[in-house]
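One structure is given below, encoded as structure tokens.
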DNA sequence: TTCTTCTGTCACATAATTGTCATACAATCG
DNA sequence: CGATTGTATGACAATTATGTGACAGAAGAA
């Protein structure tokens, strides 16, 4: 539901066919307060990834059936998973594969055996490095401007203040105009898929967003579609 | 992705006491179009560094007289040289030293033996990461002035005292205005990529920086963006 | 050494945001 | 026209994020 505040709610997926190694990794990661998931092969890994969307994947190079590098390649090809950073685990003497791993799109690799401290240090570095994703260009609607770089919304160059949720809601609307969304869909996209809040809560945040946008009647773009949900549209803003 | 292919203006200093290894490294680097310098011991290395200001240092762990790690420590301590990225070269089985190297401030390490391709890949990565053309000109914001040469910050020609971390934080802010940074990103840029400190530590240093900037209310430029992080901006410094 | 400065972390204080509710209002339909 | 259903809105307590002072250990200076 929230951004990366405490490093403690990051989910790491461990993919290795050897249980003892998984155990060792899990211990090290849980010591560092990460949440761990485990998979023994590529197929199992894939379903967990789709299901749980981990923040980072520790991927062994050697896997039965589908190799780790093949899994990495697939993950980096898929829109939904390509942003998840991958750290490849390689055994000693597989130095050449490291390069191959990096070429496939792995974000780092670690040679076994490694110290737990090293593991965690690298993992943190990768998480930090890949933490930024999103829109870079300012979005302008008439005199309304949202600049994702500075994280500022202005109307006629005057800054508008709003809460984080309202900001995300507006951002979603601006990037998904002229389309109705049900409350459920909005919860999915703005709140994040795995939280449970009442659907009516959406109404309240719509209200709050409308309130701050009232300054130049920009709230007219947020339209209620009775029986369905809400829509943001500049074209269909018939109301005065 | 790779915009800058002109490696010719990048100077790499190779520090290793074994001539054959130096040769190998030099060949690999010159193939990749880097300019190379060589040093056989720490003392020689130091004078070359001061003299030539290389863009990156490849530093062997084992050196006669003064060890590589000791040299690294000194370089990272000196204001003039601390921004030069260092890649440590370690022999197999010295895995523990890696951590020590990173703690000293090395930006990466490579285990011997390594493939030339790997070397260059890592080197590029480090250069990309630390691609900061050092600031030379004083930065002025109204009556606030930061002189990177003398390392002095003044308000109305009156010097302000602050700790090194606060200085680096302010420097980062002054050179990256009007943009939100998460705590994580600030740790990356101000503290350095491979240290582990709590994210809340950023808050404390923000606090300390604000405190010393309160003199002429210059702390109003440091804005907190709730749910995200902090931003330095002179434009958006008005609050209701 | 001893003294000072700086750093990272903690605990607590303060402030902002959130989700939910109760109620008011508006639209739709028989 | 009521009755019914869907939405708007203000209030509020719980939760969460940030501000802030204190402190112990580390790093440096004398």
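Chains as they are written, first to last, in the working numbering: chain Z, 79 to 318; chain F, 79 to 318.
Ideal Cβ positions, reconstructed from N, Cα and C, are used throughout, including at glycine.
Residue i and residue j look like a contact to me (Cβ under 8 Å); what is the Cβ gap, rounded to whole Å?
i: residue 121 (chain Z); j: residue 144 (chain Z); result: 7 Å
i: residue 200 (chain F); j: residue 165 (chain F); result: 7 Å
i: residue 264 (chain F); j: residue 280 (chain F); result: 5 Å
i: residue 107 (chain Z); j: residue 137 (chain Z); result: Actually they do not touch by this definition, with Cβ atoms about 14 Å apart.
i: residue 229 (chain Z); j: residue 309 (chain F); result: 7 Å
i: residue 92 (chain Z); j: residue 130 (chain Z); result: 12 Å between Cβ atoms; not a contact.
i: residue 134 (chain Z); j: residue 205 (chain Z); result: 6 Å
i: residue 256 (chain Z); j: residue 311 (chain Z); result: 5 Å
i: residue 249 (chain F); j: residue 224 (chain F); result: 6 Å
i: residue 268 (chain F); j: residue 285 (chain F); result: Not confirmed; about 14 Å, so no contact.
i: residue 25 (chain F); j: residue 139 (chain F); result: The shown model of chain F, from 79 to 318, leaves out residue 25 (chain F), and the question about it has no answer.
i: residue 198 (chain F); j: residue 239 (chain F); result: Between residue 239 (chain F) and residue 198 (chain F) the Cβ distance is about 43 Å, and since that is not below 8 Å, they are no contact.
i: residue 305 (chain F); j: residue 259 (chain F); result: With 8 Å as the limit, residue 305 (chain F) and residue 259 (chain F) do not qualify as a contact, their Cβ atoms being about 13 Å apart.
i: residue 142 (chain F); j: residue 95 (chain F); result: 6 Å
i: residue 69 (chain Z); j: residue 149 (chain Z); result: The displayed coordinates of chain Z run from 79 to 318. Any statement about residue 69 (chain Z) would go beyond what the structure contains.
i: residue 293 (chain F); j: residue 233 (chain F); result: 5 Å
i: residue 244 (chain Z); j: residue 262 (chain Z); result: About 19 Å; that fails the 8 Å criterion.
Which two residues bound the contiguous beta strand (DSSP E) that contains residue i?
i: residue 90 (chain F); result: 89-93
i: residue 303 (chain F); result: 300-303
i: residue 116 (chain F); result: 113-117
i: residue 158 (chain Z); result: It is not in any beta strand (DSSP E) - residue 158 (chain Z) carries neither H nor E in the DSSP assignment.
Any beta carbon from chain F within less than 8 Å of residue i's own beta carbon?
i: residue 228 (chain Z); result: yes
i: residue 155 (chain Z); result: no
i: residue 313 (chain Z); result: no
Which two residues bound the contiguous alpha helix (DSSP H) that contains residue i?
i: residue 127 (chain Z); result: 120-130
i: residue 282 (chain Z); result: 278-291
i: residue 248 (chain F); result: 242-253
i: residue 108 (chain F); result: 97-109
Where DSSP assigns a beta bridge to residue i, which residues make up the other side?
i: residue 237 (chain Z); result: Z:232
i: residue 188 (chain F); result: F:167
i: residue 260 (chain F); result: F:307
i: residue 219 (chain F); result: F:222
i: residue 138 (chain Z); result: Z:167
Check whether chain Z comes within 8 Å of residue i, counting only Cβ atoms and requiring the distance to be less than that.
i: residue 257 (chain F); result: yes
i: residue 83 (chain F); result: With a pLDDT of 43 at residue 83 (chain F), under the threshold of 50, the modelled position of that residue is not reliable, and the figure given next carries that caveat. Not closer than 8 Å to any Cβ of chain Z, the Cβ of residue 83 (chain F) fails to qualify, so no.
i: residue 97 (chain F); result: no
i: residue 251 (chain F); result: no
Practice item. Quick one: which residues of the region 276-309 of chain F get their C-beta closer than 8 Å to a C-beta of chain Z? List them in chain order. Key: Flagged, chain order: 277, 303, 304, 305, 306, 309.
Practice item. Give, in chain order, every residue of the region 230-248 of chain F whose Cβ lies closer than 9 Å to some Cβ of chain Z. Key: Residues passing the 9 Å Cβ filter: none.
**Study point:** Short-range partners of chain Z found in the region 108-137 of chain F, where Cβ spacing is below 8 Å
**Key:** From the region 108-137 of chain F, no residue has a Cβ closer than 8 Å to chain Z.
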